[in-house]
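Enquirer:
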Ligand SMILES: [Zn+2]
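Residue numbers (this note's numbering): 348 to 501.
(1) Taking 8 Å as the cut-off, does the CB of residue 456 come closer than this to any heavy atom belonging to ligand 1?
(2) How many Å lie between residue 472 and residue 485 at the Cα?
(3) Does residue 439 pass the burial test, meaning 16 or more other C-beta atoms within 10 Å, or should it be called exposed?
(4) Specify the secondary structure class of residue 409 as computed by DSSP and reduced to three states.
(5) With respect to the beta strand (DSSP E) encompassing residue 467, which residues constitute its N-terminal and C-terminal limits?
(6) Along the beta strand (DSSP E) that carries residue 379, what are the first and last residues, could you check?
(7) Is any non-hydrogen atom of ligand 1 found closer than 8 Å to the C-beta of residue 383, if you look at the structure I gave you?
(8) Taking the straight line between their C-alpha atoms, what separation do you get for residue 454 and residue 406?
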């Protein structure tokens, strides 16, 4: 045992984990409808800018949201944060407001904005910042498996 431990050289590090800063992430899913449309522009200009996403009768996306918090390891639990707590708070503060909703019509936090992934990411950050254990580090909002927006509050 002693030989194996010294060969790996990790025993001292594991005895004092609280100095290490780690980022832990919970992924949640929701789906929602939206229309990208700027009422200050003509219909033709909106079609040119937003293409299919300007469809008058809305369209839907299956969003994935990665919520990352940063902290040190609690020596009592070995966790940075309890991801079950993160799951519950993200459901309360974000997915319960967005899932199966129309982002143009149903979500107070998006009123007056064009509900792009960018604007939605900023709104989600505001719903979560200061409300989670640990320090909210970053969110990544996936609108499709190929398109995502990252936001860290700046
Ligand atoms: Zn869209």
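For glycine and all other residues, C-beta sits at the position ideal for the given N, C-alpha and C.
Expert: Well, looking at it:
(1) no
(2) 8 Å
(3) exposed
(4) strand
(5) That residue, residue 467, is in no beta strand (DSSP E); its alpha helix (DSSP H) goes 464-475.
(6) 368-381
(7) yes
(8) 16 Å
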